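J.: Residue numbers (our numbering): 111 to 403.
Beta carbons: idealized from backbone N, C-alpha and C, even for Gly.
Remember, it's a predicted structure, so these values are computed and weren't measured experimentally.
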Amino acid sequence: MNEPLKYFIESNIPQIEETMFALVEQIDAPADLKESMLYSLKAGGKRIRPLFVLAVLELYHKNLQDGFLVGSVIEIIHTYSLIHDDLPSMDNDDFRRGKPTNHKVYGEALATLAGDALNTLAFGILARMELSAEKRIELVQLLSVAAGAEGMVGGQVLDMEGEQRQLNLTELEQVHVNKTGALLRFSIEAGAVLADVSNQDRATLKKYAHHIGLAFQIQDDILDIEGTTEELGKTAGKDIASDKSTYPALLTLAGAKEKLAEHYQHAINALDQLPIDTSLLRDFAAYIVHRKN
(Lines of atoms letter the chains of each structure in order from A; the text may use other names.)
(Lines give C-alpha, C1' and ligand atoms only; values in the text may rest on other atoms or scores of the structure.)
Protein backbone atom coordinates (compact mmCIF):
# COMPACT_ATOMS: atom_id res chain seq x y z
CA MET A 111 0.00 0.00 0.00
CA ASN A 112 1.48 3.37 -0.97
CA GLU A 113 1.70 6.28 1.45
CA PRO A 114 -1.14 8.49 0.06
CA LEU A 115 -3.61 5.60 0.27
CA LYS A 116 -2.35 4.55 3.70
CA TYR A 117 -2.80 8.11 4.95
CA PHE A 118 -6.31 8.35 3.45
CA ILE A 119 -7.37 5.08 5.08
CA GLU A 120 -5.79 5.72 8.48
CA SER A 121 -7.09 9.28 8.71
CA ASN A 122 -10.69 8.39 7.83
CA ILE A 123 -11.41 5.01 9.45
CA PRO A 124 -11.55 6.45 13.00
CA GLN A 125 -14.31 8.89 12.03
CA ILE A 126 -16.17 6.22 10.05
CA GLU A 127 -16.17 3.99 13.11
CA GLU A 128 -17.00 6.78 15.55
CA THR A 129 -19.99 7.75 13.41
CA MET A 130 -21.16 4.18 12.95
CA PHE A 131 -20.94 3.20 16.61
CA ALA A 132 -22.73 6.39 17.70
CA LEU A 133 -25.61 5.67 15.31
CA VAL A 134 -26.27 2.40 17.16
CA GLU A 135 -25.43 3.57 20.67
CA GLN A 136 -28.01 6.37 20.52
CA ILE A 137 -31.02 4.22 19.61
CA ASP A 138 -33.59 3.27 22.23
CA ALA A 139 -33.48 -0.53 22.15
CA PRO A 140 -32.96 -3.50 24.51
CA ALA A 141 -29.42 -3.51 25.92
CA ASP A 142 -28.61 -7.05 24.80
CA LEU A 143 -29.75 -6.28 21.26
CA LYS A 144 -27.56 -3.19 21.06
CA GLU A 145 -24.66 -5.15 22.53
CA SER A 146 -25.02 -7.83 19.84
CA MET A 147 -25.24 -5.20 17.09
CA LEU A 148 -22.15 -3.38 18.35
CA TYR A 149 -20.21 -6.62 18.84
CA SER A 150 -20.14 -7.27 15.10
CA LEU A 151 -19.72 -3.61 14.13
CA LYS A 152 -16.69 -3.35 16.43
CA ALA A 153 -15.12 -6.60 15.23
CA GLY A 154 -12.97 -4.64 12.77
CA GLY A 155 -12.66 -4.91 9.02
CA LYS A 156 -11.10 -2.99 6.15
CA ARG A 157 -14.08 -0.57 5.88
CA ILE A 158 -13.60 -0.61 2.10
CA ARG A 159 -17.18 0.34 1.29
CA PRO A 160 -17.38 3.56 3.33
CA LEU A 161 -13.88 4.45 2.17
CA PHE A 162 -15.07 4.23 -1.44
CA VAL A 163 -17.82 6.76 -0.70
CA LEU A 164 -15.22 9.13 0.73
CA ALA A 165 -12.80 8.48 -2.13
CA VAL A 166 -15.32 9.64 -4.73
CA LEU A 167 -16.03 12.79 -2.70
CA GLU A 168 -12.29 13.39 -2.40
CA LEU A 169 -11.81 12.98 -6.16
CA TYR A 170 -14.38 15.71 -6.83
CA HIS A 171 -13.08 17.95 -4.02
CA LYS A 172 -16.30 17.75 -2.01
CA ASN A 173 -16.79 17.93 1.75
CA LEU A 174 -16.53 14.46 3.30
CA GLN A 175 -19.02 14.99 6.13
CA ASP A 176 -22.09 13.44 4.50
CA GLY A 177 -19.85 10.63 3.28
CA PHE A 178 -19.12 9.50 6.83
CA LEU A 179 -22.84 9.07 7.47
CA VAL A 180 -23.62 7.32 4.18
CA GLY A 181 -20.48 5.21 4.49
CA SER A 182 -21.53 4.15 7.99
CA VAL A 183 -24.92 3.11 6.62
CA ILE A 184 -23.25 0.88 4.03
CA GLU A 185 -20.98 -0.71 6.63
CA ILE A 186 -24.01 -1.31 8.87
CA ILE A 187 -25.74 -3.13 5.99
CA HIS A 188 -22.56 -5.10 5.22
CA THR A 189 -22.23 -6.11 8.88
CA TYR A 190 -25.82 -7.32 9.05
CA SER A 191 -25.17 -9.48 5.99
CA LEU A 192 -22.09 -11.04 7.63
CA ILE A 193 -24.01 -11.86 10.82
CA HIS A 194 -26.64 -13.67 8.74
CA ASP A 195 -24.10 -15.33 6.43
CA ASP A 196 -22.34 -16.89 9.42
CA LEU A 197 -25.51 -18.49 10.82
CA PRO A 198 -25.72 -22.32 10.87
CA SER A 199 -28.52 -22.21 8.30
CA MET A 200 -26.26 -20.28 5.90
CA ASP A 201 -22.45 -20.61 5.81
CA ASN A 202 -22.24 -21.98 9.38
CA ASP A 203 -18.98 -20.27 10.37
CA ASP A 204 -17.53 -20.04 13.88
CA PHE A 205 -15.13 -17.14 13.31
CA ARG A 206 -15.30 -13.74 11.66
CA ARG A 207 -12.39 -11.28 11.70
CA GLY A 208 -10.57 -13.48 14.18
CA LYS A 209 -13.40 -13.48 16.74
CA PRO A 210 -16.27 -15.87 17.46
CA THR A 211 -19.20 -15.12 15.16
CA ASN A 212 -22.19 -13.28 16.57
CA HIS A 213 -24.38 -16.34 17.03
CA LYS A 214 -21.59 -18.14 18.88
CA VAL A 215 -21.62 -15.37 21.47
CA TYR A 216 -25.27 -14.30 21.58
CA GLY A 217 -27.15 -17.30 20.19
CA GLU A 218 -28.87 -17.73 16.85
CA ALA A 219 -32.08 -15.90 17.71
CA LEU A 220 -30.45 -12.70 18.99
CA ALA A 221 -27.85 -12.74 16.20
CA THR A 222 -30.63 -12.97 13.62
CA LEU A 223 -32.50 -10.11 15.25
CA ALA A 224 -29.33 -8.01 15.53
CA GLY A 225 -28.88 -8.39 11.77
CA ASP A 226 -32.52 -7.45 11.20
CA ALA A 227 -32.12 -4.38 13.42
CA LEU A 228 -28.97 -3.21 11.60
CA ASN A 229 -30.67 -3.63 8.23
CA THR A 230 -33.73 -1.56 9.10
CA LEU A 231 -31.73 1.06 11.03
CA ALA A 232 -29.67 1.81 7.92
CA PHE A 233 -32.64 2.96 5.86
CA GLY A 234 -33.91 5.18 8.65
CA ILE A 235 -30.54 6.91 8.89
CA LEU A 236 -30.60 7.73 5.18
CA ALA A 237 -34.18 8.98 5.39
CA ARG A 238 -33.26 11.39 8.22
CA MET A 239 -30.15 12.87 6.61
CA GLU A 240 -29.96 16.62 6.07
CA LEU A 241 -29.97 16.32 2.30
CA SER A 242 -32.51 17.30 -0.34
CA ALA A 243 -35.52 15.01 -0.48
CA GLU A 244 -34.46 13.98 -4.00
CA LYS A 245 -31.04 12.80 -2.83
CA ARG A 246 -32.42 10.97 0.20
CA ILE A 247 -35.00 9.14 -1.92
CA GLU A 248 -32.39 8.23 -4.53
CA LEU A 249 -29.99 6.87 -1.92
CA VAL A 250 -32.73 4.81 -0.25
CA GLN A 251 -33.90 3.46 -3.60
CA LEU A 252 -30.39 2.58 -4.77
CA LEU A 253 -29.56 0.87 -1.48
CA SER A 254 -32.80 -1.12 -1.47
CA VAL A 255 -31.82 -2.57 -4.86
CA ALA A 256 -28.15 -3.13 -3.99
CA ALA A 257 -28.86 -4.82 -0.66
CA GLY A 258 -32.05 -6.66 -1.55
CA ALA A 259 -33.42 -9.35 -3.83
CA GLU A 260 -31.95 -7.71 -6.94
CA GLY A 261 -28.52 -7.40 -5.37
CA MET A 262 -26.80 -8.80 -2.28
CA VAL A 263 -29.62 -11.02 -0.98
CA GLY A 264 -30.33 -12.37 -4.46
CA GLY A 265 -26.64 -13.10 -4.88
CA GLN A 266 -26.58 -15.04 -1.61
CA VAL A 267 -29.50 -17.16 -2.84
CA LEU A 268 -27.70 -17.85 -6.14
CA ASP A 269 -24.57 -18.76 -4.16
CA MET A 270 -26.51 -21.24 -2.00
CA GLU A 271 -28.24 -22.74 -5.03
CA GLY A 272 -24.84 -23.17 -6.67
CA GLU A 273 -23.48 -25.40 -3.89
CA GLN A 274 -22.95 -29.05 -4.76
CA ARG A 275 -22.78 -28.25 -8.48
CA GLN A 276 -20.19 -26.52 -10.64
CA LEU A 277 -21.40 -23.19 -12.00
CA ASN A 278 -20.12 -21.96 -15.34
CA LEU A 279 -18.26 -18.64 -15.54
CA THR A 280 -21.33 -16.61 -16.50
CA GLU A 281 -23.31 -18.06 -13.57
CA LEU A 282 -20.44 -17.53 -11.15
CA GLU A 283 -20.00 -13.91 -12.19
CA GLN A 284 -23.74 -13.34 -11.75
CA VAL A 285 -23.48 -14.61 -8.17
CA HIS A 286 -20.70 -12.20 -7.33
CA VAL A 287 -21.97 -9.21 -9.31
CA ASN A 288 -24.90 -9.43 -6.91
CA LYS A 289 -23.55 -10.90 -3.66
CA THR A 290 -20.33 -8.89 -3.36
CA GLY A 291 -20.42 -6.37 -6.17
CA ALA A 292 -23.79 -4.72 -5.61
CA LEU A 293 -22.89 -3.08 -2.31
CA LEU A 294 -19.48 -2.01 -3.62
CA ARG A 295 -21.17 -0.45 -6.65
CA PHE A 296 -23.60 1.34 -4.37
CA SER A 297 -20.69 2.75 -2.37
CA ILE A 298 -19.22 4.31 -5.49
CA GLU A 299 -22.58 5.49 -6.78
CA ALA A 300 -23.57 6.94 -3.40
CA GLY A 301 -20.39 9.01 -3.46
CA ALA A 302 -21.34 10.19 -6.94
CA VAL A 303 -24.84 11.17 -5.76
CA LEU A 304 -23.41 13.18 -2.85
CA ALA A 305 -20.80 14.81 -5.12
CA ASP A 306 -23.33 15.80 -7.82
CA VAL A 307 -21.30 13.97 -10.44
CA SER A 308 -22.39 14.20 -14.08
CA ASN A 309 -24.32 11.28 -15.57
CA GLN A 310 -21.39 10.49 -17.88
CA ASP A 311 -18.86 10.36 -15.04
CA ARG A 312 -21.29 8.39 -12.91
CA ALA A 313 -21.66 5.72 -15.61
CA THR A 314 -17.88 5.48 -15.86
CA LEU A 315 -17.51 5.15 -12.09
CA LYS A 316 -20.07 2.33 -12.16
CA LYS A 317 -17.92 0.49 -14.74
CA TYR A 318 -14.96 0.83 -12.42
CA ALA A 319 -17.05 -0.43 -9.50
CA HIS A 320 -18.36 -3.42 -11.50
CA HIS A 321 -14.86 -4.66 -12.29
CA ILE A 322 -13.36 -3.89 -8.91
CA GLY A 323 -16.24 -5.75 -7.25
CA LEU A 324 -15.46 -8.86 -9.27
CA ALA A 325 -11.74 -8.44 -8.61
CA PHE A 326 -12.49 -8.24 -4.88
CA GLN A 327 -14.35 -11.56 -4.95
CA ILE A 328 -11.75 -13.32 -7.10
CA GLN A 329 -9.03 -12.30 -4.65
CA ASP A 330 -11.23 -13.60 -1.82
CA ASP A 331 -11.44 -16.96 -3.60
CA ILE A 332 -7.67 -17.02 -4.10
CA LEU A 333 -7.01 -16.13 -0.46
CA ASP A 334 -9.31 -18.94 0.67
CA ILE A 335 -6.73 -21.28 -0.86
CA GLU A 336 -3.48 -19.41 -0.23
CA GLY A 337 -4.26 -17.70 3.10
CA THR A 338 -4.32 -19.08 6.64
CA THR A 339 -7.13 -18.84 9.17
CA GLU A 340 -4.95 -16.46 11.21
CA GLU A 341 -4.31 -14.18 8.23
CA LEU A 342 -7.91 -14.17 7.04
CA GLY A 343 -9.61 -13.90 10.43
CA LYS A 344 -12.06 -16.57 9.27
CA THR A 345 -11.86 -20.26 8.45
CA ALA A 346 -9.45 -20.82 5.55
CA GLY A 347 -10.36 -23.48 3.00
CA LYS A 348 -14.06 -23.14 3.81
CA ASP A 349 -15.05 -22.82 0.13
CA ILE A 350 -13.39 -26.13 -0.74
CA ALA A 351 -14.87 -27.85 2.30
CA SER A 352 -18.33 -26.56 1.37
CA ASP A 353 -17.87 -27.63 -2.25
CA LYS A 354 -18.64 -24.10 -3.43
CA SER A 355 -18.15 -22.87 -6.96
CA THR A 356 -15.17 -20.49 -6.98
CA TYR A 357 -12.93 -18.93 -9.59
CA PRO A 358 -9.95 -21.22 -8.79
CA ALA A 359 -12.23 -24.28 -8.89
CA LEU A 360 -13.56 -23.26 -12.29
CA LEU A 361 -10.46 -21.71 -13.88
CA THR A 362 -7.59 -23.22 -11.80
CA LEU A 363 -5.61 -21.02 -9.42
CA ALA A 364 -3.47 -19.64 -12.27
CA GLY A 365 -6.59 -18.95 -14.35
CA ALA A 366 -8.24 -17.14 -11.44
CA LYS A 367 -5.18 -14.91 -11.10
CA GLU A 368 -5.36 -14.12 -14.82
CA LYS A 369 -9.06 -13.23 -14.47
CA LEU A 370 -8.19 -11.05 -11.45
CA ALA A 371 -5.63 -9.15 -13.52
CA GLU A 372 -8.15 -8.79 -16.35
CA HIS A 373 -10.80 -7.17 -14.13
CA TYR A 374 -8.19 -4.95 -12.51
CA GLN A 375 -7.16 -3.67 -15.95
CA HIS A 376 -10.78 -3.06 -16.97
CA ALA A 377 -11.23 -1.00 -13.79
CA ILE A 378 -8.14 1.07 -14.58
CA ASN A 379 -9.30 1.54 -18.19
CA ALA A 380 -12.59 2.95 -16.90
CA LEU A 381 -10.73 5.48 -14.76
CA ASP A 382 -8.77 6.59 -17.83
CA GLN A 383 -12.06 7.99 -19.20
CA LEU A 384 -12.53 10.42 -16.32
CA PRO A 385 -11.27 14.01 -16.78
CA ILE A 386 -9.93 14.24 -13.21
CA ASP A 387 -7.05 12.91 -11.13
CA THR A 388 -8.14 9.36 -10.28
CA SER A 389 -4.98 8.25 -8.48
CA LEU A 390 -6.87 7.50 -5.25
CA LEU A 391 -9.24 5.03 -6.94
CA ARG A 392 -6.29 3.53 -8.83
CA ASP A 393 -4.51 2.98 -5.53
CA PHE A 394 -7.63 1.34 -4.09
CA ALA A 395 -7.81 -1.01 -7.07
CA ALA A 396 -4.20 -2.09 -6.53
CA TYR A 397 -4.83 -2.51 -2.81
CA ILE A 398 -7.83 -4.78 -3.45
CA VAL A 399 -6.02 -7.12 -5.85
CA HIS A 400 -2.87 -7.39 -3.70
CA ARG A 401 -4.45 -7.62 -0.23
CA LYS A 402 -3.70 -10.64 1.97
CA ASN A 403 -6.92 -10.74 4.02
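1. Can you tell me where the alpha helix (DSSP H) with THR129 in it begins and where it stops?
2. Would a C-beta distance cut-off of 9 angstroms place VAL250 and ALA237 closer than the cut-off?
3. Under three-state DSSP, which class holds ARG206?
4. Taking the alpha helix (DSSP H) that GLN175 belongs to, which residues open and close that run?
5. At the level of alpha carbons, what is the spacing between GLU135 and LEU220?
6. Do PHE131 and LEU115 come within 9 angstroms of each other at the CB atom, strictly closer than that value?
7. Could you say if the segment 385-396 and the segment 157-173 meet the contact criterion of at least three C-beta pairs nearer than 8 angstroms?
8. Rounded to the nearest angstrom, how far is the Cβ of ALA227 from that of ALA139, given a contact under 8 angstroms?
9. Would you tell me roughly how many angstroms separate the C-alpha atoms of PHE162 and ALA305, rounded to the nearest one?
10. Kindly indicate which residue of ASP196, ASP331, GLY181 has the alpha-carbon position closest to the one of THR362.
11. Helix, strand or coil for SER254, going by three-state DSSP, please let me know.
12. Is the Cβ-Cβ distance between LEU384 and LEU315 less than 9 angstroms?
13. Could you tell me whether the segment 187-194 touches the segment 228-235, using the rule of 3 or more Cβ pairs below 8 angstroms?
14. Check whether the Cβ atoms of TYR357 and LEU268 sit closer than 9 angstroms, and answer yes or no.
15. Here's the rule I'm using: 16 or more other beta-carbon atoms within 10 Å means buried, otherwise exposed. How should THR211 be labelled?
16. DSSP three-state label for ASN288, please.
17. Within 10 angstroms of its Cβ, does TYR149 collect 16 or more other Cβ (buried), or is it exposed?
18. In whole angstroms, what is the alpha-carbon distance linking ASN112 and SER242?
19. Please report the straight-line C-alpha distance between LYS354 and ILE235, rounded to a whole angstrom.
20. For ILE158 versus PHE326, is the C-beta distance shorter than 9 angstroms?
21. Expressed to the nearest angstrom, what Euclidean distance is found between the alpha-carbon atoms of ALA366 and LYS289?
22. Please state whether DSSP places PRO160 in a helix, a strand or coil.
23. Please name the residue, chosen from GLU271, GLY154, VAL285, LEU253, that lies closest to SER297 on a Cα-to-Cα basis.
24. What do you reckon, are the CB atoms on THR294 and ALA313 nearer than 9 angstroms?
T.: In short:
1. Here residue 129 corresponds to residue number 19 of the sequence shown, with the count starting at 1. Boundaries of the alpha helix (DSSP H) around THR129: 113-135.
2. As a first step, residue 250 is located in the sequence shown; it is residue number 140 there, counting from the start. As a first step, residue 237 is located in the sequence shown; it is residue number 127 there, counting from the start. Going by C-beta atoms, VAL250 is nearer than 9 angstroms to ALA237.
3. Along the sequence shown, read from residue 1 onward, the residue named residue 206 stands at position 96. Strand, per DSSP.
4. By one-based count along the sequence shown, residue 175 stands at place 65. 175-195 is the span of the alpha helix (DSSP H), which, as asked, contains GLN175.
5. Numbered from its first residue, the sequence shown carries residue 135 at position 25. Numbered from its first residue, the sequence shown carries residue 220 at position 110. Straight-line Cα distance between these residues: approximately 17 angstroms.
6. As a first step, residue 115 is located in the sequence shown; it is residue number 5 there, counting from the start. As a first step, residue 131 is located in the sequence shown; it is residue number 21 there, counting from the start. Contact annotation: LEU115 and PHE131 have beta-carbon atoms that are not nearer than 9 angstroms.
7. Output reads yes: the segment 157-173 touches the segment 385-396.
8. Your numbering for residue 227 matches position 117 in the sequence shown. Your numbering for residue 139 matches position 29 in the sequence shown. Contact flag correct, Cβ pair sits at about 7 angstroms.
9. By one-based count along the sequence shown, residue 162 stands at place 52. By one-based count along the sequence shown, residue 305 stands at place 195. A straight-line Cα-Cα distance of about 13 angstroms links PHE162 and ALA305.
10. What you label residue 362 is simply residue 252 of the sequence shown in a count that begins at 1. If we check each option's Cα against that of THR362, ASP331 comes out closest.
11. As a position in the sequence shown, residue 254 is number 144, starting the count at 1. For SER254, the three-state secondary structure derived from DSSP is helix.
12. The sequence position of residue 384 within the sequence shown is 274, counting from 1. The sequence position of residue 315 within the sequence shown is 205, counting from 1. Cβ distance < 9 angstroms, so LEU384 and LEU315 count as in contact.
13. The segment 187-194 is in contact with the segment 228-235.
14. By one-based count along the sequence shown, residue 357 stands at place 247. By one-based count along the sequence shown, residue 268 stands at place 158. In this structure, LEU268 does not lie closer than 9 angstroms to TYR357 by Cβ.
15. As a first step, residue 211 is located in the sequence shown; it is residue number 101 there, counting from the start. By the neighbour-count rule (16 or more Cβ atoms within 10 Å), THR211 is buried.
16. The residue you call residue 288 lines up with position 178 of the sequence shown. Helix at ASN288.
17. On the sequence shown, residue 149 is found 39 positions in, with the first residue counted as 1. So TYR149 ends up on the buried side.
18. Counting from 1 along the sequence shown, the entry for residue 112 is found at position 2. Counting from 1 along the sequence shown, the entry for residue 242 is found at position 132. The alpha-carbon separation between ASN112 and SER242 amounts to approximately 37 angstroms.
19. Taking the sequence shown and counting its residues from 1, the one referred to as residue 354 is at position 244. Taking the sequence shown and counting its residues from 1, the one referred to as residue 235 is at position 125. Using only the alpha carbons, I get a separation of about 35 angstroms.
20. By one-based count along the sequence shown, residue 158 stands at place 48. By one-based count along the sequence shown, residue 326 stands at place 216. At a Cβ-Cβ threshold of 9 angstroms, ILE158 and PHE326 count as neighbours.
21. Indexing the sequence shown from 1 puts residue 366 at position 256. Indexing the sequence shown from 1 puts residue 289 at position 179. Straight-line Cα distance between these residues: approximately 18 angstroms.
22. For the purposes of this step, residue 160 is taken as residue 50 along the sequence shown, with counting starting at 1. It is helical.
23. Within the sequence shown, residue 297 is the residue found at index 187, counting from 1. Per the Cα distances, LEU253.
24. As a working mapping, residue 294 is identified with position 184 in the sequence shown. As a working mapping, residue 313 is identified with position 203 in the sequence shown. The sequence given here places Leu at residue 294; Thr does not occur at that position. No, the pair does not count as a contact, with Cβ atoms beyond the cut-off.
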